[in-house]
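Visitor:
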Amino acid sequence: MHGHSGFDFFPAARARGYAGRGVARRAAPRQPRHTPALNGFSFEIPAELEARARARLAQADRDTWMARLWRRDATLWTGADEDRWLGWLRPERASRDLGRMAALCRRLCVAGFSDAVVLGMGGASLGADVLAHILGRDGGGLRLHVLDTTDAAQVLALCSRVDMARCLFIVASKSGSTLESNMLASYFHERLSLRLGRQEAGRRFVAITDPGSSLCARARDEGYAAVFEGEPSVGGRNSVLSPFGLVVLALLGHDPATFLRDTRPMLRACAPRTPGRANPGLMLGVLLGEAALAGQDKLTFLADPGLECLGGWLEQLLAESTGKDGRGIVPVDHEPLGAPADYGRDRVFVHLAHGDAPCIELDGHAQRLAAAGFPVLRCELPSARLLGQEFFRWEVATAVAAAILRVNPFDQPDVEASKARTRALALRHEAGQATLDERPLLVEGALAFHGDAPGAESAAGLLAAHFGALEAGGYAALLAYIPRDPEHEAWLASQRRSLRQATGAATVGGFGPRYLHSSGQLHKGGPAGGRYLFITADAPVELEAPGHRLGFAAIQRAQALGDMEELVSRGRACLRVHISGSLESGLAQLAAALRRALPVTGLG
Numbered sequence: 013m014h015g016h017s018g019f020d021f022f023p024a025a026r027a028r029g030y031a032g033r034g035v036a037r038r039a040a041p042r043q044p045r046h047t048p049a050l051n052g053f054s055f056e057i058p059a060e061l062e063a064r065a066r067a068r069l070a071q072a073d074r075d076t077w078m079a080r081l082w083r084r085d086a087t088l089w090t091g092a093d094e095d096r097w098l099g100w101l102r103p104e105r106a107s108r109d110l111g112r113m114a115a116l117c118r119r120l121c122v123a124g125f126s127d128a129v130v131l132g133m134g135g136a137s138l139g140a141d142v143l144a145h146i147l148g149r150d151g152g153g154l155r156l157h158v159l160d161t162t163d164a165a166q167v168l169a170l171c172s173r174v175d176m177a178r179c180l181f182i183v184a185s186k187s188g189s190t191l192e193s194n195m196l197a198s199y200f201h202e203r204l205s206l207r208l209g210r211q212e213a214g215r216r217f218v219a220i221t222d223p224g225s226s227l228c229a230r231a232r233d234e235g236y237a238a239v240f241e242g243e244p245s246v247g248g249r250n251s252v253l254s255p256f257g258l259v260v261l262a263l264l265g266h267d268p269a270t271f272l273r274d275t276r277p278m279l280r281a282c283a284p285r286t287p288g289r290a291n292p293g294l295m296l297g298v299l300l301g302e303a304a305l306a307g308q309d310k311l312t313f314l315a316d317p318g319l320e321c322l323g324g325w326l327e328q329l330l331a332e333s334t335g336k337d338g339r340g341i342v343p344v345d346h347e348p349l350g351a352p353a354d355y356g357r358d359r360v361f362v363h364l365a366h367g368d369a370p371c372i373e374l375d376g377h378a379q380r381l382a383a384a385g386f387p388v389l390r391c392e393l394p395s396a397r398l399l400g401q402e403f404f405r406w407e408v409a410t411a412v413a414a415a416i417l418r419v420n421p422f423d424q425p426d427v428e429a430s431k432a433r434t435r436a437l438a439l440r441h442e443a444g445q446a447t448l449d450e451r452p453l454l455v456e457g458a459l460a461f462h463g464d465a466p467g468a469e470s471a472a473g474l475l476a477a478h479f480g481a482l483e484a485g486g487y488a489a490l491l492a493y494i495p496r497d498p499e500h501e502a503w504l505a506s507q508r509r510s511l512r513q514a515t516g517a518a519t520v521g522g523f524g525p526r527y528l529h530s531s532g533q534l535h536k537g538g539p540a541g542g543r544y545l546f547i548t549a550d551a552p553v554e555l556e557a558p559g560h561r562l563g564f565a566a567i568q569r570a571q572a573l574g575d576m577e578e579l580v581s582r583g584r585a586c587l588r589v590h591i592s593g594s595l596e597s598g599l600a601q602l603a604a605a606l607r608r609a610l611p612v613t614g615l616g
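If you count by my numbering, then the sequence shown holds residues 13 to 616, one letter each, in order.
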């Protein structure tokens, strides 16, 4: 069942795990002293996938894929505008004023601030979140928080954790017009203005945005301490090695120039002159793309402790880049571990391994999955400081996988549709007009169910009908418009475990509106077969954002209903449950209904 994966490529410097059964490995070339190591890569794959990968590598060699990538040849994908979005291949050019940027960040670090809060969505904030969690603070750096929500309770929770007078707010938006970022900036600027005056409030803000955006004008008008300009040829999901990530890195107390220098070995390894089988980005991309074409499109992350948040960044990169035209790779992040028998044959597993702190449990889990015939890939970071290499490896791999799937990896054609529905719903709400879902299918205790599902006499019956219709190769999605905190993340994980155990299907989870800027494109434009459960709840409080007609809670509700409307219009199966009263009591009731429902489901 397992072919010998005998490709030439750069595997882990210290080969660990996956012994025997055809793992391709070779000692990495001896590195000159003081030269950063190259992040490791090894894999164990079935013979069928090996044959497909060999054939695709031969094609990539004949058709000079890597040379075409580096010279920005749009015909590698769809021949549209892909050539305009490849600035990420040269991160040093996207950060031309690196010295000035780092010096300004150092001055901000000693200006009396204790915390920094990133106000951004998707690519503008996910990379920052990874940097903060994996690298953390160094020296005199600031504590970093990421706020990427319109959930009023989550906004207030952040306010209770920090001294706002000692906070630096980083408004991050490529376009400068991102709804959530602008609302958050308005809210915090107003709070600080009332406390400190408008001039002093402005000095506690910086912006990261593309030149000439509306955010540039806002920063000038409100007296921001600094504006860091992004590179227009770098899209949001590829922006972590541009100012959107490097400014955050500097505010954490790290040296961006050193970080980029430690990334260079991966740039060299992915260069056109590197033979295909030794090219880490090409090799990974070929495996991902060929597996997806063969129906193994549920890419499941197994992350060592300390690397868990990397999955959130990868989720956006892969989902938004490949999920279109009915094709795509479905990233499965933060799903609880299961036995090999718990998984369908649509899975590929990626072990994100930490060389500094190896996890024996996950090593063993990956070996058992490989022994059961699942493709298992392993990306190893010898050190956290080499995180930039992993960013670049996956950016190249995603571009290669998109070429195999024949999609444009740099657009998001279906994202605007949900935004348009959100705007329309917000206008109706503002005008006092009734929404389309005011009459629920069923009310049971604190739970009110909405959607086009067939009638049922109980909550458990509705849920059983919804998830019982999952077909092989489909996936279950829980989309929760509630505060994202450790307790609710644990609740979501528990329900995902139950869904997988009962149905055998892959599960994905997301907090709204965060997921809209990550997997939202995939849900609408990617492979069919998903079944979606939206969870909304009464807002305990409304927060107003000056300059915006609706508050946070009203906008969040419009975002949930708008996304569900758009999914339904595309034939996706959706059900929404709204919780009235106590959120925790309602979640407990919903969990109980799911427990009653799931034993009667199954894929047959």
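Glycine included, C-beta positions come from ideal geometry on N, C-alpha and C. Fair warning: this is a prediction, and the values are worked out from it, not measured in the lab.
What does a CB cutoff of less than 6 Å around Gly293 pick up in its chain, not counting 5 residues either side in sequence?
Guide: Cys282, Arg405, Val408 and Ala409
Visitor: Which residues in the same chain have their Cβ closer than 6 Å to the Cβ of Arg509, if we skip the five residues on either side of it in sequence?
Guide: Only residues of its own chain outside the window of five on either side were considered, and among them Pro348 have a CB closer than 6 Å to the CB of Arg509, listed in chain order.
Visitor: With respect to the beta strand (DSSP E) encompassing Asp127, which residues constitute its N-terminal and C-terminal limits?
Guide: Asp127 to Leu131
Visitor: Identify the continuous alpha helix (DSSP H) that holds Tyr236 and give its terminal residues.
Guide: Taken as a continuous stretch (DSSP letters only), Tyr236 belongs to no alpha helix (DSSP H), as it is neither H nor E.
Visitor: Along the chain, where does the alpha helix (DSSP H) that runs through Lys536 open and close?
Guide: Unbroken alpha helix (DSSP H) run through Lys536: Gly532 to Gly537.
Visitor: Reducing DSSP to helix, strand and coil, say where Ile567 ends up.
Guide: Ile567 carries a helical assignment under DSSP once its states are collapsed to helix, strand and coil.
Visitor: With distance defined between alpha-carbon atoms, name the residue in Ala460, Met576, Gly214 and Pro244 nearest to Ala238.
Guide: Gly214
Visitor: Taking only three categories from DSSP, how would you classify Arg392?
Guide: Just to set this straight, residue 392 is Glu in the shown sequence, not Arg. Three-state result, Glu392: strand.
Visitor: In angstroms with no decimal places, state the Cα-to-Cα distance between Ala184 and Gly467.
Guide: Taking the straight line joining both Cα atoms gives about 45 Å.
Visitor: Please classify Lys336: does DSSP put it in a helix, a strand, or coil?
Guide: strand
Visitor: To the nearest angstrom, report how far apart Leu272 and Leu459 are at their CA atoms.
Guide: About 50 Å.
Visitor: Check Val183 in the structure and name its three-state DSSP category.
Guide: strand
Visitor: I need the boundaries of the beta strand (DSSP E) containing His366, first residue and last residue.
Guide: According to the DSSP assignment, His366 belongs to the beta strand (DSSP E) that extends over Arg359 to His366.
Visitor: Under a three-way DSSP split, which group does Ala369 fall into?
Guide: Residue state, collapsed to three classes: coil.
Visitor: Which two residues bound the contiguous beta strand (DSSP E) that contains Ile220?
Guide: Where Ile220 is concerned, the enclosing beta strand (DSSP E) stretches over Phe217 to Thr221.
Visitor: Out of curiosity, what's the CA-to-CA distance linking Arg608 and Ala488?
Guide: 17 Å
Visitor: The beta strand (DSSP E) that contains Ser189, what's its start and end?
Guide: Here Ser189 belongs to no beta strand (DSSP E), and DSSP marks it neither H nor E.
Visitor: Here's the rule I'm using: 16 or more other beta-carbon atoms within 10 Å means buried, otherwise exposed. How should Gln71 be labelled?
Guide: exposed
Visitor: Under the assumption that Leu98 contacts Ser245 (Cβ atoms under 8 Å), give the Cβ distance between them as a whole number of angstroms.
Guide: 7 Å
Visitor: Would you report the Cα separation of Asp423 and Ser333, rounded to the nearest angstrom?
Guide: 7 Å
Visitor: Contact between the segment 162 to 182 and the segment 553 to 566 is defined here as three or more beta-carbon pairs at a separation below 8 Å; is this criterion met?
Guide: yes
Visitor: On the CB-based measure, 16 or more other CB atoms within 10 Å of its CB, does Ile182 come out buried or exposed?
Guide: buried
Visitor: Restricting to Cα atoms, I'd like to know which of Thr519, Glu202, Ser430 and Pro103 is closest to Ser581.
Guide: Ser430
Visitor: Taking Gly486 as the reference, give the member of Ala432, Gly338 and Val589 with the closest Cα.
Guide: If we check each option's Cα against that of Gly486, Gly338 comes out closest.
Visitor: For the beta strand (DSSP E) containing Phe479, name the first residue and the last one.
Guide: Phe479 -> not in any beta strand (DSSP E); alpha helix (DSSP H) instead, spanning Ala471 to Gly480.
Visitor: Using DSSP bridges, identify the partner residues of His157.
Guide: Val129
Visitor: Between which two residues does the alpha helix (DSSP H) holding Ser506 run?
Guide: Pro498 to Thr515
Visitor: Look at the Cβ atom of Ile341, then the Cβ atom of Ala413, and state whether they are nearer than 8 Å.
Guide: yes
Visitor: Given a cut-off of 8 Å, decide if Trp82 and Leu69 are closer than it, judged by their beta-carbon atoms.
Guide: no
Visitor: Which first and last residues belong to the beta strand (DSSP E) in which Leu595 is found?
Guide: Segment Leu595 to Ala609 is the alpha helix (DSSP H) holding Leu595; no beta strand (DSSP E) there.
Visitor: Can you name, in chain order, every residue of its own chain whose Cβ lies under 8 Å from the Cβ of Asp274, other than the five neighbours on each side?
Guide: Pro48, Arg397, Leu398, Gly400 and Gln401
Visitor: Fully enclosed by the segment 59 to 99, which alpha helix (DSSP H) runs are 4 residues long or longer?
Guide: 59 to 74 and 77 to 82
Visitor: Would you say the segment 171 to 180 touches the segment 529 to 537, given that touching needs at least three Cβ pairs under 8 Å?
Guide: no
Visitor: Beta-carbon within less than 7 Å of Gln601's beta-carbon, same chain only, minus the 5 sequence neighbours each way: which residues are those?
Guide: Gly457, Ala458 and Leu459
Visitor: Can the beta-carbon of Ala59 be found closer than 8 Å to that of Glu302?
Guide: no
Visitor: Can you find the residues in the same chain that come closer than 7 Å, C-beta to C-beta, to Gly242, ignoring five residues on each side of it along the sequence?
Guide: Cβ within range, chain order: Lys186, Ile220, Thr221, Asp222, Ser251, Ser254, Pro255 and Phe256.
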